[in-house]
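S.K.: Sequential numbering of the sequence shown, starting at -5, is according to this note's numbering. We treat Cβ as the ideally placed atom computed from N, Cα and C, and that holds for glycine. Quick caveat: nothing in here was measured; it's all calculated off a predicted structure. Got a structure here, written out as structure tokens. Questions coming.
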Amino acid sequence: MIFCFTGIRRFPKLWKNNPYLGLGPGHFYNSLFLKDCYGIRNQQKLFFLQAASPQNTKAINFPIAKARYHRKGNSKISSEFPHLFAAGAAKKRSQMNPQIKDHASPPVSNIIQLPTKPLNSEQWDKLKEDFKGKANFENWIISQMARHNSSVDVAKSLLAWVATKNNGIVSYNLLVKYLYLCVFHKQTSEVFDVYEIMKARYKSLESGANTLLIRGLIHSDRWREALVVLEDIKKVMTPSKKNYNDCIQGALLHQDVNIAWNLYEELLSHDLIPMMETLKAFFDLGKDIKDDQYSNKLLDILLYLRNNQLYPGESFAHSIKAWFESVPGEQWKGRFTTIQKSGQCLGCGKTIESIHLSPEEYEFLKRKVLRDVIDGGDQYRKTTPQELKRFQNFVKYCPPFDIVIDGLNVAKMFPKARESQVLLGVVSQLAKQNLHVLVLGRKHMLNSRAQWKKDEMEEVRKLASCFFADNISEDDPFLLYATLHSGDHCKFITKDLLRDHKACLSDAKTQRLFFKWQQGHQLAITNRSPGSKITFQHILSYDTVVQTTGDSWHIPYDEDLVERYSYEVPTKWLCLHRET
């Protein structure tokens, strides 16, 4: 797509020489150009505990891995195994595992040096002549400028050179990349010029240009024109949450709270998840608004976070704290803290909600998993209906299990040890506690060979109930079925995080219940010491979710320097309570 500047009145203004204003304080959301950088902090110590399920009369004594430290220089470095579901755990496990290597692509050197100041026509001619790449020079250079956030004046000199070489014609792609730079550097007058040109030439724009225009307009006194662009988007598609975020930010920036709340409700009506910076903006403005209706809507935002198991970032958590402490006459006091393994808040001493499901929630989840994962064509399993029926009959005539083990998964946890030896070590340790253990395996595990000693597998069969499926079968459906069928007291052991099976569940509510149940029932093996002694991680006793008792709020939040995967939960909390 190309654009001809011939006859456009504002062309001279667009290309006039303005002094370079430098980098603006803002940042752009496009992941093609910018990446967030994360660091990793140590999460928490591990310890020894005696865990007893309320539904089970047997006390299960799991040896729990303790934190180990070694000194490096003057600092103390923790070599602890991170909790399975703790924020940053997956990243830390990959760093601790020497077999996992970073295969990041080597940096690509620039074919030519990007200019740092505007060039004249002869200089651009020379730069193009020196360009050795196969790509179109003009498209390549403007893309590099956008990637490196070059000066607007440099980009303007490029487009002016292109226009003189092409009878006033500049391609749509160049114009949009130039718009990106104008938005990034918050040069609103340039944004207005490009906006006017685009309105004059095109009846409609693609979503990328509209998104840039909205972002560029909201900081100016013409911010309401961003709402016009939003309406244009609605004619062809549902606006993105970024579009709504920008328009809400613009409304709040200019103190129009009614438009902001209306846009927020509209966003939710499209089943879009609002951006955290959108929600943060409501709390930031709320410190200056003493209105009960506004305050109630902010509390509704916190309940929305709870119901959708969402977590604010560290900066957002500070905004929440500041708003609570600014409410006149309420005497709220906040502090940032952690939760003890018992579920007690170190800030106020209150006990956090239990991780255990209610009987009604458990039965609901059990029915959903049996329907959607076991019986409902779970695309991630390779089990035949006949074998699944054989397993269901097997479980039916066995007493409820206390522990279900994914045998093949557990046996491969320690690559330097013989697999049957590892499995026997885990089973014998649990059997000593008089626990009814089920080992799920594959038939090839019974064939005597280097990794699978026949006498060790015979001992496993004496100590535990065993079910060996066909070699092509998927273990996880069997594991889920046996664990849920045995009752809420039953735990399971696998290093598989079951994300594929969670994704098979039909709705978000069931997926959240599944994750809550998983956190309260999945045991992680952290170490195997000489003599086959196995250590386990403790199971979280509390639910990591926004919660309130009326006179207190507890809000888990993401630390800025911790990379949290979707199947992990934060370890830091904001504790808010009314002082009496």
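Using a Cβ-Cβ cutoff of less than 7 angstroms, which residues in the same chain neighbour Asp215 once the five nearest sequence positions on both sides are dropped?
M.R.: So the list is empty, once near-sequence residues are dropped.
S.K.: Can you name the residues that DSSP bridges to Pro550?
M.R.: DSSP output for Pro550 lists Trp567 as bridge partner(s).
S.K.: Do Asp552 and Gly341 count as a contact pair if the criterion is CB distance below 7 angstroms?
M.R.: The answer is no: Cβ separation not under 7 angstroms.
S.K.: Any idea if Leu175 is buried or exposed, counting beta-carbon neighbours within 10 angstroms, 16 or more meaning buried?
M.R.: Classification for Leu175: buried.
S.K.: Just the Cα atoms here: how many angstroms apart are Leu572 and Gly328?
M.R.: Just to set this straight, residue 572 is Arg in the shown sequence, not Leu. C-alpha separation (whole angstroms): 9 angstroms.
S.K.: How many Å lie between Asn301 and Ser263 at the Cα?
M.R.: Cα-Cα distance, rounded: 16 angstroms.
S.K.: Return the CA-CA distance between Gly202 and Tyr559, expressed in angstroms with no decimal places.
M.R.: Gly202 and Tyr559: Cα-Cα distance of roughly 28 angstroms.
S.K.: Do you know whose CA, among Pro379, Pro322, Leu304, Gln505, lies nearest Lys360's CA?
M.R.: Measuring from the Cα of Lys360, the nearest candidate turns out to be Gln505.
S.K.: In chain order, what are the residue ranges of uninterrupted alpha helix (DSSP H) at least 4 long that sit wholly in the stretch 266 to 341?
M.R.: The stretch 266 to 341 contains these whole alpha helix (DSSP H) runs: 270 to 280, 286 to 301, 308 to 320.
S.K.: If you reduce the DSSP assignment to three classes, tell me which class Asp187 lands in.
M.R.: Three-state result, Asp187: helix.
S.K.: Tell me whether Asn130 is buried or exposed, calling it buried when 16 or more other Cβ atoms sit within 10 Å of its Cβ.
M.R.: Asn130 should be labelled exposed.
S.K.: Taking the CB atoms as reference points, tell me whether Asp537 and Ile349 lie closer together than 7 angstroms.
M.R.: Yes, they are a contact pair.
S.K.: Would you decide whether Lys229 is buried or exposed? Buried here means 16 or more other CB atoms lie within 10 Å of its CB.
M.R.: Flag for Lys229 reads exposed.
S.K.: Rounded to whole angstroms, what is the Cα-Cα separation between Asn403 and Thr232?
M.R.: About 44 angstroms.
S.K.: Please report the distance separating the alpha-carbon of Ile533 from that of Phe408.
M.R.: Using only the alpha carbons, I get a separation of about 21 angstroms.
S.K.: Only counting the same chain, and skipping five residues up and downstream in sequence, which positions put a Cβ closer than 7 angstroms to that of Leu491?
M.R.: Excluding residues within five positions, the ones whose Cβ falls inside 7 angstroms are Tyr561.
S.K.: From what residue to what residue does the alpha helix (DSSP H) around Arg218 run?
M.R.: Here the alpha helix (DSSP H) through Arg218 covers 218 to 228.
S.K.: Could you tell me if Gln249 is buried or exposed, where buried requires 16 or more neighbouring beta carbons within 10 angstroms of its beta carbon?
M.R.: That one is exposed.
S.K.: Report the CB separation of Phe462 from Arg436 in whole angstroms; it is logged as a contact under 8 angstroms.
M.R.: Between Arg436 and Phe462 the Cβ distance is about 6 angstroms, and since that is below 8 angstroms, they are a contact.
S.K.: Measuring CA to CA, which of Asn204, Asn239, Ile267 is closest to Leu257?
M.R.: Of the candidates Asn204, Asn239, Ile267, the one whose C-alpha sits nearest the C-alpha of Leu257 is Asn239.
S.K.: Indicate the three-state DSSP secondary structure (helix, strand or coil) for Val398 in the structure shown.
M.R.: Strand.
S.K.: Nearest-angstrom Cα distance between Gln594 and Gly343?
M.R.: What the structure shows of the chain is the stretch from -5 to 574, and residue 594 is not part of that stretch, so it cannot be assessed.
S.K.: Could you tell me which whole beta strand (DSSP E) segments of length 3 or greater appear in the stretch 120 to 148?
M.R.: Whole beta strand (DSSP E) segments, 3+ residues: zero.
S.K.: Measure the CB-CB distance between Thr205 and Ile242 and report whether it falls below 7 angstroms.
M.R.: No, they are not a contact pair.
S.K.: Can you have a look at Thr182 and say buried or exposed, based on whether 16 or more other CB atoms are within 10 angstroms of its CB?
M.R.: Buried: at least 16 other Cβ atoms inside 10 Å.
S.K.: Here's a check: name, in chain order, each residue in its chain whose Cβ is nearer than 7 angstroms to the Cβ of Ser69, leaving out the five neighbours to either side.
M.R.: Residue confidence for Ser69 is low, a pLDDT of 36 falling below 50, so the modelled location carries little weight and cannot support an answer.
S.K.: Which stretch, first to last residue, makes up the beta strand (DSSP E) that contains Val177?
M.R.: It is not in any beta strand (DSSP E) - Val177 instead sits in the alpha helix (DSSP H) that spans 166 to 178.
S.K.: Assuming Phe330 and Leu568 are in contact, meaning their beta carbons sit under 8 angstroms apart, how far apart are those beta carbons, in whole angstroms?
M.R.: Their Cβ separation, rounded to whole angstroms, is 6 angstroms, which keeps Phe330 and Leu568 in contact under 8 angstroms.
S.K.: Between Lys406 and the rest of its own chain, which residues show a CB-CB distance below 7 angstroms, the 5 nearest in sequence each way excluded?
M.R.: Glu413, listed in sequence order.
S.K.: Taking the C-alpha atoms as reference points, what is the distance between Leu570 and Phe318?
M.R.: Rounded to whole angstroms, Leu570 to Phe318 spans 8 angstroms at the Cα level.
S.K.: Between His483 and Leu351, what straight-line distance do the alpha-carbon atoms span, to the nearest angstrom?
M.R.: Taking the straight line from one Cα to the other gives about 11 angstroms.
S.K.: Taking only the alpha-carbon atoms, compute the straight-line gap between Leu474 and Val363 and give it to the nearest angstrom.
M.R.: Cα to Cα, the separation comes out at about 8 angstroms.
S.K.: Report the residue from Gln303, Gln423, Ile163 whose alpha carbon sits nearest the alpha carbon of Arg195.
M.R.: Selected option, being the one with the closest Cα: Ile163.
S.K.: Between the Cα of Glu468 and those of Asp494, Asp265, Ser422, spot the shortest distance and give me the residue it belongs to.
M.R.: Ranking Asp494, Asp265, Ser422 by Cα distance to Glu468 puts Asp494 first.
S.K.: So, for His479: in the same chain, excluding its five sequence neighbours on each side, which residues have a beta-carbon less than 6 angstroms away from its beta-carbon?
M.R.: Excluding sequence neighbours, His479 sits near Val389.
S.K.: Going by the CB atoms, is the gap between Val223 and Leu247 shorter than 7 angstroms?
M.R.: Going by C-beta atoms, Leu247 is not nearer than 7 angstroms to Val223.
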